[in-house]
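Below you'll find the structure, written out as structure tokens, and then a few comments.
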Amino acid sequence: LLPLTFLDRSSQKTALCKASCSSQCSCSWDIGQQWIWNVTVTVENPLGKKTATDVFDVNHRMYPTAPLQVREDCTDTEITLHWKYENNGIELFCQTEVLQPDGKVELHNSSVVNSRRITVRGLQPYTEYTARVRCAAARHFWRWSEWSQPLTTRTKEGTPSGKLDLWREITPVLGGRNVTLFWKQTPSFQANGKIISYEVTWEKIEDGSKPESISFSSLYNSTRIFIDNHSYRISIMAKNNVNFSLPSVFIISRATDNSRSIFSTEELKEGQVNGTDDGIFISWEPKSIYDSYIIDWCNFPRLQPCDLQWKRFGPNTSSAVISSAAFVPGVRYKFHIYGSVANRASLLEKKIGYLRELPPSLDPIVRKVDLTYNSVTLSWDSYLTNESEPGFVRGYHVYVSPVQGNCNLKGSKKHILSDESELCKYTIENPEEKRYTVKHLTPNTKYKIVVKAFTGGGETPIFNFRYVDTPYNSNMLYFVFLLVIIPTLVAAVCHWKMQWVKECCCPVIPSPNKSKVLSFKEFKIDSEKVLKINDCLPDMLAVDSNAEAHKL
4 LLPLTFLDRS SQKTALCKAS CSSQCSCSWD IGQQWIWNVT VTVENPLGKK
54 TATDVFDVNH RMYPTAPLQV REDCTDTEIT LHWKYENNGI ELFCQTEVLQ
104 PDGKVELHNS SVVNSRRITV RGLQPYTEYT ARVRCAAARH FWRWSEWSQP
154 LTTRTKEGTP SGKLDLWREI TPVLGGRNVT LFWKQTPSFQ ANGKIISYEV
204 TWEKIEDGSK PESISFSSLY NSTRIFIDNH SYRISIMAKN NVNFSLPSVF
254 IISRATDNSR SIFSTEELKE GQVNGTDDGI FISWEPKSIY DSYIIDWCNF
304 PRLQPCDLQW KRFGPNTSSA VISSAAFVPG VRYKFHIYGS VANRASLLEK
354 KIGYLRELPP SLDPIVRKVD LTYNSVTLSW DSYLTNESEP GFVRGYHVYV
404 SPVQGNCNLK GSKKHILSDE SELCKYTIEN PEEKRYTVKH LTPNTKYKIV
454 VKAFTGGGET PIFNFRYVDT PYNSNMLYFV FLLVIIPTLV AAVCHWKMQW
504 VKECCCPVIP SPNKSKVLSF KEFKIDSEKV LKINDCLPDM LAVDSNAEAH
554 KL
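For the record, in the sequence shown the residue sitting at position 15 is 18 according to our numbering, with numbers rising by one throughout.
Structure follows, in structure tokens:
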């Protein structure tokens with residue numbers, strides 16, 4: 004603890020008061036009729052002593068008590084605060100603090116001395132504000148008084164500002180069209196009070212007939228009306244206790260055979276879009292004729308009627324990420340993209356996509372299996388790609404493996420299951436394909452095989468195999484028959500008919516000397532017999548040389 008001593012230097016260093024404290028100290032005394040004071044503060048401890056001196060006029064060191072009985076008067080954009088304070092003969096000016104709904108604080112100073120009121124302007128209608136007041140000496144400002152007790156008040160209602168965001172869903176029916184209207188408050192729309200009703204008005208554009216209108220409670224945000232095939236102007240206004248808002252308008256064009264695109268979505272092909280971490284990314288082809296674009300979708304597409312949602316974009320926008328807390332993986336969402344000009348909307352594109360794709364719910368049903376000794380051909384039904392599917396079918400995987408041993412087929416990729424078993428994997432990237440042939444199989448072998456559809460979310464686990472047995476290789480049997488059986492049969496026959504075969508294949512060559520033709524004795528030359536020409540009638544006679552002819 005530090006001992007402090009306050010001395011009055013103007014009166015022979017009279018000790019005003021003493022105090023012992025550790026951090027913050029205070030000391031009070033009676034000033035009497037003295038206004039000018041020269042005060043010295045002394046603080047000491049075992050290590051030494053310090054002093055500080057201040058000379059002041061008491062009139063310059065005064066501040067008032069907090070204002071009392073604060074009350075207010077309100078309009079839709081102003082608050083006037085009134086208060087009272089103790090009259091101590093000092094000229095005061097006051098300051099008001101206003102707490103905005105967003106947490107921001109604004110300070111407003113009074114411009115008139117001793118004024119007991121202040122008006123705060125530029126406020127929002129039908130909005131709650133908290134205000135408090137403090138005052139200080141106007142001529143010799145030293146410090147503010149304490150704040151008054153806070154006062155919370157609400158400004159009065161005003162005319163709604165801005166327009167509602169109006170959208171529609173058009174369904175052709177007999178004799179005309181059902182138009183379901185949806186509306187919501189936009190960021191630029193200010194109710195400026197409590198909305199008590201909505202008023203919808205529609206009228207024909209061509210013949211200028213009397214408009215029709217209907218009013219709805221503020222609890223509603225949609226309705227359905229029937230219109231014929233003429234052009235219509237439809238508007239909606241919000242009403243509070245003061246007035247109506249500005250009308251929000253759109254125009255539905257005349258329904259003709261050549262303008263079905265105004266209300267029908269049959270002509271456009273659906274494009275696929277992809278999900279991201281933030282939502283579903285959508286892009287479109289912008290056109291300079293449109294002043295805005297609208298995308299609509301259903302948060303819960305499997306419910307009928309669905310809760311239609313929509314979002315507007317400026318003319319220079321060609322892509323957007325649509326996000327919603329209702330989006331869940333495995334649900335297909337449809338998006339319609341419209342271009343709008345002069346309050347007329349035309350359908351430009353259709354998109355379908357998932358926040359995140361999941362594996363297919365079912366596997367393809369294999370209807371036919373054709374086997375050869377080294378291949379198997381699988382045929383399956385067309386895979387259903389309806390809206391209930393949890394993803395877009397991108398293609399198929401065919402898995403093959405012999406029951407005994409691992410698979411190592413040409414043209415395949417290895418796929419390892421959770422139990423460390425190995426499969427051969429073939430990928431078909433065409434979702435329209437319904438037939439595939441696995442080649443290079445081993446004859447007389449049992450195989451397990453399965454066909455799986457896959458999406459952007461993968462495929463379901465592999466467990467339902469189909470088992471097939473490849474037959475023997477008939478070409479190999481025929482080859483063995485040719486190489487073994489036929490030569491064996493030929494050898495047996497040859498052995499059985501050896502003499503006949505010998506006579507047919509290897510006949511005895513006769514000796515000319517044993518021929519009966521030469522069985523005569525005349526004209527022997529040495530030991531050889533000579534045949535006379537006139538003993539036979541040859542068909543042709545050829546003479547080798549004149550010498551031989553002369554000799555004969």
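Glycine included, each C-beta is placed from N, C-alpha and C at the ideal position. Quick caveat: nothing in here was measured; it's all calculated off a predicted structure.
**OP:** Check whether the stretch 429-446 touches the stretch 391-400, taking contact to mean three or more Cβ pairs, one atom from each stretch, closer than 8 Å.
**Re:** yes
Subject >> Whole-Å CB distance - Val203 paired with Thr226, under 8 Å assumed >> reply: 6 Å between Cβ atoms; contact.
Original post:
Just curious, the beta strand (DSSP E) that Arg227 is in, first and last residue?
Top reply: 225-230
Original post:
Exposed or buried, what is Thr3 when buried is set at 16 or more other beta-carbons lying within 10 Å of its beta-carbon?
Top reply: The structure shown has nothing for residue 3, since the chain only spans 4 to 555.
Original post:
Using DSSP with H/G/I as helix, E/B as strand and the rest coil, what is Ala22?
Top reply: strand
Original post:
What is the C-beta distance between Leu358 and Gly274, in whole angstroms, given that I count them as a contact (C-beta under 8 Å)?
Top reply: Contact flag wrong, Cβ pair sits at about 17 Å.
Subject >> Other residues of its chain near Thr122: CB distance less than 7 Å, five sequence neighbours each side excluded >> reply: Glu81, Thr83
Original post:
In whole angstroms, what separates the C-alpha of Glu360 from that of Thr448?
Top reply: 38 Å
Subject >> Where the beta strand (DSSP E) through Tyr399 begins and ends >> reply: 396-405
Original post:
Which two residues bound the contiguous beta strand (DSSP E) that contains Pro577?
Top reply: Residue coverage of the chain in this structure runs from 4 to 555, which leaves residue 577 outside it and unanswerable.
Original post:
Among the residues of its own chain, which have a CB less than 6 Å from the CB of Thr133, if the five just before and after it don't count?
Top reply: Leu102, Pro153, Thr155
Subject >> Nearest-angstrom Cα separation, counted from Ala456 out to Asn377 >> reply: 25 Å
**OP:** Closer than 7 Å by C-beta to Ser220: which residues in its own chain qualify, once you throw out the five before and the five after it? Chain order, please.
**Re:** Closer than 7 Å at the Cβ level, and outside the excluded window around Ser220, lie Ser200.
**OP:** For Val453, I'd like the list of residues in its chain whose CB is within less than 8 Å of its CB, leaving aside the five on either flank, ordered along the chain.
**Re:** Asp366, Val401, Tyr402, Ile465, Asn467, Phe468, Arg469
**OP:** Could you name each continuous beta strand (DSSP E) segment of 3 residues or more that falls completely within the stretch 34-83, going from the start of the chain to the end?
**Re:** 39-48, 51-60, 71-77
Subject >> Alpha carbon of Ala22 to alpha carbon of Ile34, nearest angstrom >> reply: 18 Å
Original post:
Hey, Pro393 and Ala258: beta-carbon distance below 9 Å or not?
Top reply: no
Original post:
Out of curiosity, what's the CA-to-CA distance linking Lys107 and Gln72?
Top reply: When the Cα atoms are used, Lys107 and Gln72 turn out to be separated by approximately 25 Å.
Original post:
Which residues in the same chain as Leu95 place their Cβ atom closer than 8 Å to its Cβ, once the five residues preceding and following it in sequence are excluded?
Top reply: Short of 8 Å from the beta carbon of Leu95, and not among the five residues preceding or following it, lie these beta carbons of its own chain, in chain order: Pro67, Tyr88, Val116, Asn117, Cys138, Ala139, Ala140, Ala141.
Subject >> Secondary structure of Leu557, DSSP reduced to three states >> reply: An answer regarding residue 557 cannot be provided, because it is not within the stretch 4 to 555 covered by the chain.
Original post:
Apart from the five residues just before and just after Phe338, which ones in its own chain have a Cβ nearer than 8 Å to its Cβ?
Top reply: Taken in chain order, the residues that qualify are Val276, Ile283, Ile285, Ile298, Asp299, Trp300, Ile325, Lys353, Lys354, Ile355, Gly356.
**OP:** Output the distance between the C-alpha atoms of Arg119 and His85, rounded to the nearest integer angstrom.
**Re:** 6 Å
Original post:
Got a sec? Which residues, its chain only, sit under 6 Å from Thr54 by beta carbon, not counting five neighbours each side?
Top reply: Thr43, Thr45
**OP:** Determine the burial state of Gly196: buried for a count of at least 16 other Cβ atoms within 10 Å of its Cβ, exposed for fewer.
**Re:** buried
Original post:
Mapping DSSP to helix, strand and coil, what is Leu426?
Top reply: strand
Subject >> Helix, strand or coil at Leu184 according to DSSP, with G and I counted as helix >> reply: strand
Subject >> Buried or exposed by the 16-neighbour rule on C-beta atoms within 10 Å, applied to Ser321 >> reply: exposed
**OP:** Rounded to whole angstroms, what's the CA-CA distance from Glu270 to Tyr336? Just pull it up for me.
**Re:** 19 Å
Original post:
Mapping DSSP to helix, strand and coil, what is Val324?
Top reply: strand
**OP:** On a CA-only basis, which of Ile254, Ser238, Gly211, Asn181 is nearest Phe229? Give me that one, please.
**Re:** Asn181
Subject >> Three-state secondary structure assigned by DSSP to Ile199 >> reply: coil
Original post:
Tell me which same chain residues have a C-beta within less than 8 Å of the C-beta of Asp260, skipping the five on either side of it?
Top reply: Residue placement at Asp260 cannot be trusted, given a pLDDT of 47 that sits under 50; the coordinates are not used to answer.
Subject >> Own chain, CB closer than 6 Å to Lys52, minus 5 neighbours either side, in chain order >> reply: none
**OP:** Report all residues from its chain with a CB closer than 6 Å to the CB of Asp79; omit the five preceding and five following residues, and keep chain order.
**Re:** Pro128, Thr158, Lys159, Gly161
**OP:** For the beta strand (DSSP E) containing His111, list its first residue and its last residue.
**Re:** 108-112
Original post:
Comparing alpha-carbon positions, which option in Ser385, Leu177, Lys187 lies nearest Lys166?
Top reply: Lys187
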